[in-house]
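Chains as they are written, first to last, in our numbering: chain A, 2 to 87; chain B, 285 to 798.
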C-alpha cells in the first residue's frame with residue numbers, strides 16, 4: 002500500500018512541481034496586479050449590470066434604491082486595502 | 285493564562301446582555317404558527333438584520349481568539365479570509381445566485397439542488413451538511429468552554445451546559461426569526477467590543493505609526509506582517525496562489541454560495557431585493573472585520589513578542605490593557621460570537637434534517653404545523669446532542685484530532701459542492717447525472733489527495749496544511765467531469781430549468797432573445 006501511495010505521489014508531484022516553479026517566476030508586483038485586476042473586473046461587472054437586477058423598492062420607501070454604489074464602495078475599499086498592504 | 289477576575293460591573297454587563305438577548309429571542313417566538321414561520325421566519329426578515337446576522341454567524345467565539353492568534357504569528361495576511369475570502373463572493377452571490385434561491389421558495393440549498401438535479405445530489409449534500417452542522421455544534425460548545433476556562437477559570441462542563449441551554453432555549457422557541465434578530469444585536473455588541481480592544485490596544489502601542497514601526501523593528505521575520513500577498517515559497521500556510529485560487533476561487537464561493545447556515549436567513553428575507561441588499565450590507569460590514577479582529581493580534585507583538593501559545597495573544601492584550609467595565613463589554617462580545625454561531629448551526633441542522641430527510645423520505649404530506657413540531661423536537665435533540673458531543677470530546681485524549689477531522693471533512697466537500705452550485709445555476713446544459721458524477725468524483729479526488737499527502741513517504745504538497753490546494757484540485761476534477769458527463773447525457777427538460785438557471789427562459793425563448 003505504501004509503495005502504491007508513493008508511486009501516485011511521485012506521478013502527481015511532477016505536474017505539481019512544474020506549476021509551482023511557474024508560479025515562483027511570477028514577480029510580487031505582478032501578483033499584486035492580479036489581485037487588484039480581480040477586484041477591478043468585478044467593479045466593472047457590477048457597474049454595467051442592468052438596472053432591473055440591481056434596483057428595487059424597500060417597504061415604506063417610494064424611490065427605488067440602486068445597490069450598485071454599495072457594491073462598488075465595498076470593491077473600491079478592497080482595491081485600496083490590497084494596494085496599501087502589499 | 286487566567287485573566288484578572290471580573291468585577292461586579294463586568295458581570296452586570298455580561299448578564300444584562302444575556303438577559304436582553306435571550307428575552308428578545310423568546311419574545312419573537314410568540315407568533316410562530318407554522319413550519320414556514322419557524323424555518324424561514326415566515327419570509328419576513330428585513331435586509332439589515334439578515335446582513336448583520338450573516339456577518340456575525342460567520343464568526344465564532346473561537347474565531348475571535350484564533351484569528352488574533354494567527355495574526356500574531358503570520359500578520360495581516362490572515363485578513364484575506366474576510367476580505368478576498370468574503371467581499372467579492374458576497375457581491376457575486378447577492379446579484380447572481382440569491383435571486384434564484386429566493387424565487388425557488390426552497391427551505392434549504394440541498395432542496396434547491398434536488399429541484400435542479402435529482403434526489404441523489406440533494407440527499408448526499410443534505411447528509412454531509414447535516415452531519416457537519418450537528419458535529420460542529422458540539423465542537424463550538426466545547427472549544428468555547430475551554431476558552432472560558434482558560435480566560436475566566438469557569439468549569440468546562442458548567443460552561444457547556446449553560447451556553448447550550450440558553451442558546452437552545454431561544455432557538456427552540458423563536459426559530460429563524462429569533463436567531464436573526466438576536467444575531468443583529470450580537471453583531472453590534474461584538475463589533476463594539478472588538479473595536480474597543482483595537483483602539484485601546486493602539487493607544488497603548490503609541491498610535492498607528494509607532495505600532496507599525498515597532499513591529500518592523502522586531503526583526504526580519506516580521507517583515508511580511510503587513511503584507512496581504514505572500515510569496516509562493518513562504519513558510520506560512522498562506523502563499524498568494526493558495527489565497528487567490530484556493531480561497532478566493534473555491535473555498536470562499538463554496539462557503540457563501542452553498543452554506544445552509546448562512547443562506548437560510550436570506551431565504552427568509554421579505555423580498556428578493558431585500559435578500560440582495562442584505563449581501564451588499566454584509567459585504568460593507570465585512571471590510572471592518574479584519575481591522576478589529578486581525579490587527580489586535582499584531583498589536584500584541586508590540587508589548588509581548590514572546591508569547592508561548594498564539595491563542596494567548598488576545599487574552600494577554602485584554603489582561604494588560606482593558607480597564608474594569610470594558611472587560612465586561614469584551615466578554616459580552618465573546619458570548620455574542622458564541623451565541624450567533626451556535627444558534628445558526630442549531631437552526632440550520634434542524635431545518636436540513638426536517639426538510640431534506642424527514643419530510644422527503646419519511647413523512648412527506650403532513651400539515652405545515654406538523655413540521656413545526658418536528659423542527660422544535662429536533663432543535664431540542666440537537667441541543668442535547670451538542671452537549672453530549674462536547675462532553676465526549678472533552679473526554680478524548682487527542683481532542684484536536686476530532687476538530688481537525690470534522691473541519692477536514694467539510695473542506696473535502698467544498699470543491700465539488702461549489703461545482704454543483706456554479707454549473708447548476710450558470711449552465712443550463714448541466715444534467716443530474718453529470719452533477720452526481722462530478723460530486724462523487726470530486727469527493728474521491730479530495731479524499732485521495734489528502735490520503736496521499738498524509739501517508740506518502742514524502743508529503744505530496746510542500747506546505748504543511750494544504751487544504752486550499754486540495755479544494756482547488758478537487759474543484760477542477762469535479763468541474764471537468766461534470767461538464768463531460770453532462771455533454772454525454774440528454775439535456776434536462778425546459779420545465780426543470782426555467783427559474784433555476786441564470787437568465788434562462790427556455791430554449792425557444794432564449795434563441796429568440798439571441
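Here a beta-carbon is modelled for each residue, glycine too, at the ideal position from N, C-alpha and C.
Quick one: list the residues of chain A neighbouring residue 568 (chain B), beta-carbon separation under 7 Å, in chain order.
If you number the second chain from 1, residue 568 (chain B) lands on position 284. Residues of chain A passing the Cβ test: 71, 74, 75.
Alpha carbon to alpha carbon, how far is residue 580 (chain B) from residue 769 (chain B)?
If you number the second chain from 1, residue 580 (chain B) lands on position 296. If you number the second chain from 1, residue 769 (chain B) lands on position 485. Rounded to the nearest angstrom, the two C-alpha atoms are 49 Å apart.
Using the DSSP secondary-structure output, state which residues sit across from residue 553 (chain B) in a beta bridge.
As a working note, residue 553 (chain B) is residue 269 in the second chain. Its beta-bridge partners are B:329.
Near-chain A residues of the region 504-522 of chain B - C-beta to any C-beta below 7 Å
510, 511, 512, 513, 515, 516, 517
Which value, in whole angstroms, describes the spacing of the CA atoms of residue 484 (chain B) and residue 610 (chain B)?
Position 200 of the second chain, counted from the start, is the residue given in the question as residue 484 (chain B). Position 326 of the second chain, counted from the start, is the residue given in the question as residue 610 (chain B). Separation of residue 484 (chain B) and residue 610 (chain B) (C-alpha to C-alpha, rounded to the nearest whole angstrom) is 10 Å.
Determine the closest residue to residue 638 (chain B) out of B:552, B:323, B:293, B:294, with distance taken between C-alpha atoms.
Numbered from its first residue, the second chain carries residue 638 (chain B) at position 354. The shortest Cα separation from residue 638 (chain B) among B:552, B:323, B:293, B:294 belongs to B:323.
With which residues is residue 57 (chain A) paired in a DSSP beta bridge?
Within the first chain, the letter at position 56 stands for residue 57 (chain A). Paired residues: A:66.
For the region 603-619 of chain B against the region 519-533 of chain B, are there 3 or more C-beta pairs whose distance is under 8 Å?
Contact between the region 603-619 of chain B and the region 519-533 of chain B is absent, because fewer than three Cβ pairs lie under 8 Å.
So, with DSSP's three-state summary, where would you put residue 523 (chain B)?
The residue labelled residue 523 (chain B) in the question sits at position 239 within the second chain. In the structure shown, residue 523 (chain B) falls within a strand segment according to DSSP collapsed to helix, strand and coil.
Taking residue 59 (chain A) as the reference, which of B:708, B:553, B:603, B:666 has the closest Cα?
Here residue 59 (chain A) corresponds to residue number 58 of the first chain, with the count starting at 1. Nearest C-alpha to residue 59 (chain A): B:553.
Under the three-state DSSP convention, the category residue 744 (chain B) falls into
Within the second chain, residue 744 (chain B) is the residue found at index 460, counting from 1. Three-state result, residue 744 (chain B): coil.
Roughly how many angstroms separate the alpha carbons of residue 335 (chain B) and residue 4 (chain A), rounded to a whole number?
As a position in the second chain, residue 335 (chain B) is number 51, starting the count at 1. As a position in the first chain, residue 4 (chain A) is number 3, starting the count at 1. Distance between the alpha carbons of residue 335 (chain B) and residue 4 (chain A) is about 51 Å.
When you compare the CB positions of residue 729 (chain B) and residue 766 (chain B), do they come within less than 8 Å of one another, or not?
By 1-based counting over the second chain, the position of residue 729 (chain B) is 445. By 1-based counting over the second chain, the position of residue 766 (chain B) is 482. Between residue 729 (chain B) and residue 766 (chain B), the C-beta gap is not smaller than 8 Å, which leaves the two residues out of contact.
CB of residue 469 (chain B) within 8 Å of CB of residue 305 (chain B), strictly:
Against the second chain, residue 469 (chain B) aligns to sequence position 185. Against the second chain, residue 305 (chain B) aligns to sequence position 21. Cβ atoms of residue 469 (chain B) and residue 305 (chain B): closer than 8 Å.
Could you say if the region 694-702 of chain B and the region 535-549 of chain B meet the contact criterion of at least three C-beta pairs nearer than 8 Å?
yes
In whole angstroms, what separates the C-alpha of residue 771 (chain B) from that of residue 721 (chain B)?
Along the second chain, one-based indexing puts residue 771 (chain B) at 487. Along the second chain, one-based indexing puts residue 721 (chain B) at 437. Cα to Cα, the separation comes out at about 12 Å.
What three-state label does DSSP hand residue 514 (chain B) in the structure shown?
Numbered from 1 along the second chain, position 230 holds the residue referred to as residue 514 (chain B). Strand at residue 514 (chain B).
What number of angstroms, rounded off, separates the C-alpha of residue 669 (chain B) from the C-alpha of residue 19 (chain A)?
Counting from one through the second chain, the residue named residue 669 (chain B) turns up at place 385. Counting from one through the first chain, the residue named residue 19 (chain A) turns up at place 18. Annotation: residue 669 (chain B) to residue 19 (chain A) spans about 47 Å, alpha carbon to alpha carbon.
Collapsed DSSP secondary structure at residue 370 (chain B) in the structure displayed:
For the purposes of this step, residue 370 (chain B) is taken as residue 86 along the second chain, with counting starting at 1. Here residue 370 (chain B) sits in coil by DSSP.
Got a sec: which bits of the region 545-568 of chain B sit with their beta carbon under 9 Å from any beta carbon on chain A, in order along the chain?
554, 555, 556, 557, 558, 560, 561, 563, 564, 565, 567, 568
Grab the span of the alpha helix (DSSP H) containing residue 711 (chain B) for me, first residue to last.
Against the second chain, residue 711 (chain B) aligns to sequence position 427. Counting along the chain, residue 711 (chain B) falls outside any alpha helix (DSSP H), and DSSP gives it neither H nor E.
Using a Cβ-Cβ cut-off of 8 Å, state whether residue 465 (chain B) counts as contacting chain A.
Against the second chain, residue 465 (chain B) aligns to sequence position 181. No, its Cβ sits nowhere closer than 8 Å to a Cβ of chain A.
When Cβ atoms are compared, which residues of the region 38-61 of chain A fall closer than 9 Å to chain B?
39, 40, 43, 46, 47, 50, 54, 55, 56, 57, 58, 59, 60
For residue 754 (chain B), the three-state DSSP class (helix, strand or coil):
As a first step, residue 754 (chain B) must be located in the second chain, where it is residue number 470. Three-state result, residue 754 (chain B): helix.
Looking at the C-beta of residue 582 (chain B), does it have a partner C-beta in chain A at a distance below 8 Å?
Position 298 of the second chain, counted from the first residue, corresponds to residue 582 (chain B). Answer no: the Cβ-Cβ gap between residue 582 (chain B) and chain A never drops below 8 Å.
Residue 237 (chain B) lies in the alpha helix (DSSP H); which residues open and close that run?
Nothing in the structure corresponds to residue 237 (chain B), since chain B is present only between 285 and 798.
Are the CB atoms of residue 396 (chain B) and residue 385 (chain B) within a distance shorter than 8 Å?
Locating residue 385 (chain B) in the second chain gives position 101, where the first residue counts as 1. Locating residue 396 (chain B) in the second chain gives position 112, where the first residue counts as 1. Yes, they are a contact pair.
Output, in chain order, the set of chain A residues within a Cβ distance shorter than 8 Å of residue 750 (chain B).
Position 466 of the second chain, counted from the start, is the residue given in the question as residue 750 (chain B). None at all; the shortest Cβ gap to chain A is about 10 Å.
Residue 558 (chain B) and residue 331 (chain B): beta carbons closer than 8 Å?
Locating residue 558 (chain B) in the second chain gives position 274, where the first residue counts as 1. Locating residue 331 (chain B) in the second chain gives position 47, where the first residue counts as 1. Yes, the Cβ-Cβ distance between residue 558 (chain B) and residue 331 (chain B) is below 8 Å.
Can you list, in chain order, the stretches of the beta strand (DSSP E) that have 3 or more residues and sit fully within the region 415-491 of chain B?
none
Using the rule of at least 16 other Cβ atoms within 10 Å of the residue's Cβ for burial, across every protein chain shown, is residue 382 (chain B) buried or exposed?
Within the second chain, residue 382 (chain B) is the residue found at index 98, counting from 1. By the Cβ-count criterion, residue 382 (chain B) is buried, with 16 or more other Cβ atoms from all chains shown falling within 10 Å of its own Cβ.
With burial defined as no fewer than 16 other Cβ atoms inside 10 Å of the residue's Cβ, what is the status of residue 674 (chain B): buried or exposed?
Taking the second chain and counting its residues from 1, one reaches residue 674 (chain B) at position 390. Burial state of residue 674 (chain B) is buried, judged by a 10 Å Cβ sphere holding 16 or more other Cβ atoms.
Give a yes or no on whether the C-beta atoms belonging to residue 244 (chain B) and residue 352 (chain B) are separated by under 8 Å.
Past the edges of chain B, shown from 285 to 798, lies residue 244 (chain B), and the structure says nothing about it.
With a cut-off of 8 Å on the beta carbons, I'd call residue 337 (chain B) and residue 464 (chain B) a contact; round off their distance for me.
Counted from its first residue, the second chain places residue 337 (chain B) at position 53. Counted from its first residue, the second chain places residue 464 (chain B) at position 180. Between residue 464 (chain B) and residue 337 (chain B) the Cβ distance is about 4 Å, and since that is below 8 Å, they are a contact.
Limits of the alpha helix (DSSP H) - the one that residue 509 (chain B) falls within
The count along the second chain starts at 1 and reaches residue 509 (chain B) at position 225. Segment: none, residue 509 (chain B) is in no alpha helix (DSSP H) and carries neither H nor E.
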